[in-house]
Every structure is written in structure tokens, then in C-alpha cells.
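Asks: Residue numbers (my numbering): 3 to 362. One structure, as C-alpha cells, below. Some questions next.
Right, dumping it as C-alpha cells:
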């Protein structure tokens, strides 16, 4: 249409573009006027003959009538689309909705097509074009209003809402409220894509609470503390005896020792001795029906075992050892082995032991 109006304004006789530049300002932009003026001044042309002018006027009138017929047809389709598919027309527009109905074969067939297939429908010979730019939904106003990097993503969103709008149009309801709601949802989502993400905010640490809070007490907490209380064995294993070396040198340097349990100062050669200040605490067990039943069963088993040993004779002191004249029994001092170890340590590792040869 702009080309038609520009040709009508210039005419076939005028060769100097400066005479019609003021008239072209109402039709074309400034850049287009400059381009036409430069092209007219740099090229050698001629005036049109009367026959060519008549042919140009005929084409001009034909184009005007075609344009008027097109506007009339468009208004007819728009009025009918608002009645047949109001929700789809609210999202895509009446013209594009009419093309979609033509390609899909009506609302009944379009309602059976999923959104993933709607976004590739095109008006060409190939109904399912793989090129996104050839699809009908790619030409929608909502999609074209997005930047190019978001258009493929926008087509998917529009196709999902169009599929719902087609099903709404197929129902008995002919109101466009559903389609207008879908369009608002799409516009809000597109606006969220264009909104830049907020920079992370560094929040200050909260004010420390210096007040001492009351901890939960009572029988339950005392039992819990007694259950996980450190035993006397672990206390001595975690205690370090100073100015003494325990075990191997490497283990002692790495701290892989048994603490005072491995020294003669407090543990007594690896044994725990009862000190006067140590209070032996008894573990408290839950007094439940299951625990009482378990204790009763243990007592019955102990009584049954004691009765079986007493019935066998000897009052529980019977032994299976047999003395023969060939092999007798030798009594050994139980502390003799420990004395041998202490003598060997004193011989080889005492402060005044010196250097001795281990070869006999």
C-alpha cells in the first residue's frame, strides 16, 4: 500500500524528486524519502507514455479495490471468529485464529491435537513444519512482542494456553473470559522473563542473644545423660600421663595410646583400680511390663541352671579333670609371668641399663 501511494503521488511525468518530497512525507519515512531522492537523481529516466500511465492507474484502482475487499473480508471473519472461537481469538487474534482453524480442520479436530503439535502447525503445504518460524503460532502478536531469544520458549507457552482455549470454545460456553485470563497469564509470564534478576542481598547477622536459656531438666534428661555418660574406663583412656612414654614410640607420638591405662602410675599395668573418690553409678533401666517380663525369664533360667548343677552332685564344684599317675597337676604362681615381664623391662629399658648385646 505504501508503494502504491508513493507511485500515485510521484506520477509518471515528474522526474525531480524535490518537487514531491513534501507530499511524500505524509506517506513514507525520512530515510525512505532520501533513498528515493538519491535513486532519482543518480539514474537517468524518462517520462511515462500515456498508455503506461493508463495501465498504472488501472493497476492502482485494482489494488485499491482488492484492499477494500480484503478489509471487508477481514471484518467478516473477525465478527464470526468472536462468535465461533472467542477464547482462541482473545489469545491469537481473529485473523490468526481463523488460519489456525483452517489448517487444523475445525475446532473438533484441533481439540484432539496436543500443544506440542499445535506449535508446529503451518499454513504451507507441509502441515507439520519443523521450522519454528514457519509455524502459525510463531506469527502471533504475543510471540513477536518478545525478544528473539525468548520466542521459541514463548511459542510453547502460547501453544499450551491455545490448546486449553480451543477446548473451552468447543464446550457450550461461548464467553471469552477464559481466553482473556489465559492471555493475562501469558503476559505476566513474559514480563517475568524480561525482568532482570535481583542481586543477592548480604544480610547482617542477627544480634546475639546473651541471655542464658533454661535447659530442659527432669527425670527424662537425667536418664538420658546417665545413658550417654562417659565411663571410668574412657576417662582413664583419655587421660594423658606426663613425663612418661607408653607403648611404641610411633604410637606415643601420634597419640594412639591407652592413656593412664597403659601406665603403672594410676592404672596398674592395664587394670582399673577402684579409687576412693570414684562413685559407682548404677544404670537405671526402664520399669516397663516388657522389662519386668524379661527379668522374670532371666531369673527362671538362672534358677533352672542352678537346680541342674546341684542335682548332678558336688554342690557346683564338680570338675571334669582326671588325675592319672602318668600326668599330674602343676600349681603355678599367677604373678610369675608379670614379674618376668617387669624384670625384662628393667633389664633392657631401665635408666641405668646401658647397652647390652641381644645375641646369647
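No residue lacks a Cβ here, since even glycine has one placed at the ideal position from N, Cα and C.
For residue 106, report the span of its alpha helix (DSSP H) as first-last.
Replies: It spans 96-106 - the alpha helix (DSSP H) in which residue 106 sits, taken as one unbroken run.
Asks: Suppose contacts are defined by Cβ-Cβ distances below 8 Å. Is residue 262 in contact with residue 243 by that definition?
Replies: Yes. Within cutoff.
Asks: Roughly how many whole angstroms lie between the Cα atoms of residue 339 and residue 241?
Replies: If I take the Cα positions, the gap works out to 28 Å.
Asks: Would you mind reading off the limits of the alpha helix (DSSP H) that contains residue 238?
Replies: Counting along the chain, the alpha helix (DSSP H) containing residue 238 begins and ends at 234-239.
Asks: Which one or two residues does DSSP pair with residue 124 in a beta bridge?
Replies: DSSP, once it has assigned bridges, lists 137 as partnering residue 124.
Asks: In whole angstroms, give me the CA-to-CA distance for residue 164 and residue 208.
Replies: Cα-Cα distance, rounded: 49 Å.
Asks: Would the beta-carbon of residue 172 fall within 8 Å of that of residue 110?
Replies: Yes. Within cutoff.
Asks: Please state whether DSSP places residue 352 in a helix, a strand or coil.
Replies: Correct three-state label for residue 352: coil.
Asks: Say whether the stretch 137-153 touches the stretch 180-195, bearing in mind that this needs 3 or more beta-carbon pairs closer than 8 Å, one atom from each stretch.
Replies: Yes, they touch.
Asks: From this set, 89, 168, 302, 158, which residue's C-alpha is nearest residue 177's C-alpha?
Replies: Selected option, being the one with the closest Cα: 89.
Asks: Tell me which residues share the same chain as residue 66 and place their Cβ nearer than 8 Å to its Cβ, disregarding the 5 neighbours each side in the sequence.
Replies: Contacts found: 6.
Asks: For residue 46 and residue 38, what's the separation of their Cα atoms in angstroms?
Replies: Each residue's Cα considered, the two are about 13 Å apart.
Asks: For the alpha helix (DSSP H) containing residue 170, name the first residue and the last one.
Replies: Segment 153-172, the alpha helix (DSSP H) holding residue 170.
Asks: What residues in its chain sit with their C-beta under 8 Å from that of residue 345, if we drop five residues either side in the sequence?
Replies: None.
Asks: Would you tell me roughly how many angstroms separate the C-alpha atoms of residue 363 and residue 58, rounded to the nearest one?
Replies: Residue 363 lies beyond the stretch modelled for the chain, which goes from 3 to 362, so this question has no answer here.
Asks: How far does the alpha helix (DSSP H) with residue 78 in it extend, from its first residue to its last?
Replies: Where residue 78 is concerned, the enclosing alpha helix (DSSP H) stretches over 52-86.
Asks: Going by DSSP in three states, residue 186 sits in which element: helix, strand or coil?
Replies: Helix.
Asks: Any idea if residue 226 is buried or exposed, counting beta-carbon neighbours within 10 angstroms, 16 or more meaning buried?
Replies: Residue 226 should be labelled exposed.
Asks: For residue 170, which of 183, 159, 158 has the nearest alpha-carbon?
Replies: Per the Cα distances, 183.
Asks: With DSSP as the reference, label residue 206 as helix, strand or coil.
Replies: In this structure, residue 206 counts as coil in the three-state DSSP scheme.
Asks: Quick one: what's got a C-beta closer than 6 Å to residue 260's C-beta in the same chain, skipping five residues either side?
Replies: Counting only Cβ-Cβ distances below 6 Å, and skipping sequence neighbours, we find 239.
Asks: My assumption, with CB atoms under 8 Å, is that residue 11 sits in contact with residue 25. Please give the rounded CB distance.
Replies: Contact holds; Cβ gap of about 5 Å.
Asks: What residue range is occupied by the uninterrupted alpha helix (DSSP H) comprising residue 145?
Replies: 143-146 is the span of the alpha helix (DSSP H), which, as asked, contains residue 145.
Asks: Applying the 10 Å Cβ sphere with the 16-neighbour rule, what's the burial state of residue 160?
Replies: The residue is buried, with at least 16 neighbouring Cβ atoms inside 10 Å.
Asks: Determine the DSSP secondary structure at residue 289, reduced to helix, strand or coil.
Replies: Looking at residue 289 - three-state DSSP - the assignment turns out to be coil, as it is neither helix nor strand.
Asks: Can you look up residue 111 in the DSSP assignment and give me helix, strand or coil?
Replies: Residue 111: helix per DSSP, three-state reduction.
Asks: Can you give the Cα-Cα distance for residue 181 and residue 112, rounded to whole angstroms?
Replies: Looking at the two C-alpha atoms, the distance is approximately 16 Å.
Asks: Using the three-state DSSP reduction, which class does residue 200 fall into: helix, strand or coil?
Replies: Residue 200: coil per DSSP, three-state reduction.
Asks: Suppose the cutoff is 7 Å on Cβ atoms and the five residues either side in sequence are ignored; what does the same chain contact list for residue 148 look like?
Replies: Here the set comprises 156, 192.
Asks: My assumption, with CB atoms under 8 Å, is that residue 124 sits in contact with residue 143. Please give the rounded CB distance.
Replies: With 8 Å as the limit, residue 124 and residue 143 do not qualify as a contact, their Cβ atoms being about 18 Å apart.
Asks: DSSP three-state call for residue 2: helix, strand or coil?
Replies: Limits of the chain in this structure are 3 at one end and 362 at the other, which puts residue 2 out of reach.
Asks: Using 10 angstroms around the beta-carbon of residue 140, count the other beta-carbons present and answer buried if the total reaches 16, otherwise exposed.
Replies: When all chains shown are included, residue 140 counts as buried.
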